[in-house]
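So the protein lines, in turn, are chains A and B. FYI, in the UniProt record's numbering the residues of the first sequence are 1 to 139. FYI, in the UniProt record's numbering the residues of the second sequence are 1 to 139. Beta carbons are placed, not taken as given, at the ideal position from N, Cα and C, and that holds for glycine. Note that this is a predicted model, so its numbers are computed, not measured. Just below is one structure, and these are the notes that go with it.
Number of protein chains: 2
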Amino acid sequence: MRIGELAGRTGVSVRSLRYYEDQGLLASGRSGGGQRTYDEEHVERVRFIQHLYAAGISSRTIAELLPCVERPSEENSGTAQARLAEERDKLARHIADLSRTLDSLDSLIASTADGTCNHHLPEGAPAADPARPTPVAAG
Amino acid sequence: MRIGELAGRTGVSVRSLRYYEDQGLLASGRSGGGQRTYDEEHVERVRFIQHLYAAGISSRTIAELLPCVERPSEENSGTAQARLAEERDKLARHIADLSRTLDSLDSLIASTADGTCNHHLPEGAPAADPARPTPVAAG
DNA sequence: CTTGCATCTGACGTCAATGTCAGGTTCTAG
DNA sequence: CTAGAACCTGACATTGACGTCAGATGCAAG
């Protein structure tokens, strides 16, 4: 497929796909006339890249994490493995932080629901269950 | 305290603190000579603002979420309440997404640990426990 | 071959949060 | 009072992930 179809199927702009290639995140074949060509695997890859972006990982780091783009992947795989584990743990800590922030928001919602607009922001709270919806104005 | 001390205690740059005030996130008193003054409550508030930033919430949204800065907070509190619940649920969904990404990273780590550098990126996986450390190169 | 849409490269614009610099003022120590 | 650190306002610079535009080229249909 060409770049327009890949963009349509992934919800990522054509501009971004070219940018990913610039950054070394995404490889592409070229047709005779020089147009980029992709196949099904690229759809998965682009979606995964989007997830990593959503996790706050920069394109440079993504390029380090996914060196399987077009490397022989034999000597550098050890380094990539370490970077991967490092970023994994960083993401885990980030999720834990966000869960605490979620708890803080819940405390804030609870404390402002009764009309008390107290500026004393919520203290540290234990981790929350992200799947529990808010009782007020949920959905 | 003055702005330098607040910066030191929160780990936020002086520049950012002034920016927060510009954006209506943070109020400050002024001394005779026009220098900003803060007290203990501002320390908590700045830290909370940082958490909201870390949750991917923009300064404009934060300003909408924390209108208690120096508003009468009587008529707009209903709107703020709705925005608060909205952002809370958005954050919860974001956390769920990140948990799936974490699972994907775990799958990637597992699949690359045995030397197989397969480009077939991990499928959708159920939510993970963010607190579990990685066995390889953990810590 | 022509029409027209998709694509190409390359460059500049944007936006948010922050860095940094300049030139002037306030506060604190001696 | 004086030196120097901290602070003030205002402005321009930076970074990352794009948007957007211009001018040229590829490609499928008639």
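How would you list, in chain order, the residues of chain B whose beta-carbon sits under 8 Å from the beta-carbon of Ala54 of chain A?
Those within 8 Å of Ala54 of chain A in chain B are His94, Asp97, Leu98, Thr101.
Bridge partners for Arg60 of chain B per DSSP, in chain order?
Paired residue(s): none; Arg60 of chain B is not in a bridge.
Going by alpha carbons, who is nearest to Leu108 of chain A out of B:Ala96, B:Asp106, B:Leu26, B:Leu66?
Just measuring C-alpha positions, the residue of B:Ala96, B:Asp106, B:Leu26, B:Leu66 sitting nearest Leu108 of chain A is B:Leu66.
Let me make sure I understand the geometry here. Which of B:His51, B:Ile62, B:Leu6 has the alpha-carbon closest to that of Gly24 of chain B?
Each of B:His51, B:Ile62, B:Leu6 was checked against the Cα of Gly24 of chain B, and the nearest Cα belongs to B:Ile62.
For the candidate residues B:Ala82, B:Ala96, B:Thr101, whose alpha-carbon lies nearest to that of Ala110 of chain A?
The shortest C-alpha separation from Ala110 of chain A is found at B:Ala82.
7 Å Cβ shell around Glu87 of chain B - same chain, five flanking residues per side excluded:
Excluding residues within five positions, the ones whose Cβ falls inside 7 Å are Ile57, Thr61, Leu65.
Any beta carbon of chain B sitting closer than 8 Å to that of Gln23 of chain A?
Using beta-carbon distances, Gln23 of chain A does not count as an interface residue toward chain B, since no partner is under 8 Å.
Does the stretch 26-33 of chain A come within contact of the stretch 8-16 of chain A, defined as at least 3 CB pairs closer than 8 Å?
Two segments are said to touch when three or more pairs of C-beta atoms, one from each, lie closer than 8 Å; by this definition the stretch 26-33 of chain A does not touch the stretch 8-16 of chain A.
Flag Thr112 of chain A as yes if its beta-carbon sits less than 8 Å from any beta-carbon of chain B, otherwise no.
It does: the Cβ of Thr112 of chain A has a partner Cβ on chain B nearer than 8 Å.
Taking only three categories from DSSP, how would you classify Gly29 of chain B?
Here Gly29 of chain B sits in strand by DSSP.
Using the Cβ count rule (16 or more neighbours within 10 Å means buried), how would you classify Thr37 of chain A?
Within a 10 Å sphere around the beta-carbon of Thr37 of chain A sit fewer than 16 other beta-carbons, which makes this residue exposed.
Going by other Cβ atoms of all chains shown within 10 Å of its Cβ, with 16 needed for buried, is Leu13 of chain A buried or exposed?
Contrary to the premise, residue 13 of chain A reads as Ser rather than Leu in this sequence. Exposed: under 16 other Cβ atoms inside 10 Å.
According to DSSP, residues forming a beta bridge with Arg36 of chain B
Beta-bridge pairing by DSSP links Arg36 of chain B to B:Arg30.
Integer-rounded CB distance, given that Ala96 of chain B should sit under 8 Å from Asp97 of chain A:
That belief does not hold up - the Cβ atoms of Asp97 of chain A and Ala96 of chain B are roughly 15 Å apart, past 8 Å.
For a cutoff of 8 Å on Cβ pairs, would you count Asp106 of chain A as touching chain B?
Yes, contact with chain B.
With DSSP collapsed to three states, give me the class of Gly24 of chain A.
Three-state DSSP puts Gly24 of chain A in coil, outside helix and strand.
At the 8 Å Cβ level, is residue 156 of chain B part of the contact set with chain A, yes or no?
The displayed coordinates of chain B run from 1 to 139. Any statement about residue 156 of chain B would go beyond what the structure contains.
Short Cβ contact (8 Å threshold) for Leu17 of chain B with Arg45 of chain B:
The answer is no: Cβ separation not under 8 Å.
CA-to-CA distance, Tyr20 of chain A to Arg2 of chain A, given in whole angstroms
Spanning the two alpha carbons is a distance of roughly 15 Å.
Using CA atoms only, rank isn't needed, just tell me which of A:Ile49, A:Leu102, A:Asp22, A:Arg15 is closest to Arg93 of chain B.
Minimum Cα distance to Arg93 of chain B is reached at A:Leu102.
Proximal residues of chain A, C-beta to C-beta of Arg88 of chain B below 8 Å
Near Arg88 of chain B (Cβ distances below 8 Å), the residues of chain A are Leu102, Leu105, Asp106, Ile109, Thr134.
Starting from the C-beta of Ala127 of chain B, find all residues in its chain whose C-beta is less than 8 Å away, skip the five residues before and the five after it, and write them out in chain order.
Interpretation of Ala127 of chain B is limited by its pLDDT of 46, a score under 50 that renders its predicted location unreliable; the figure taken from the coordinates is listed afterwards. Ala96, Ser99, Arg100, Asp103.
Mind checking which residues open and close the alpha helix (DSSP H) that includes Leu66 of chain A?
Unbroken run through Leu66 of chain A: none, as it is neither H nor E.
Could you tell me whether the Cβ of Leu84 of chain B comes closer than 8 Å to any Cβ of chain A?
At least one chain A Cβ lies under 8 Å of Leu84 of chain B.
Under a three-way DSSP split, which group does residue 152 of chain A fall into?
Shown here, chain A extends from 1 to 139; a query on residue 152 of chain A therefore has no answer.
Rounded straight-line distance, which links the Cα of Asp89 of chain A to that of His42 of chain A
Cα to Cα, the separation comes out at about 26 Å.
What's the C-alpha gap between Ala85 of chain A and Thr112 of chain B?
So the alpha carbons of these two residues sit roughly 11 Å apart.
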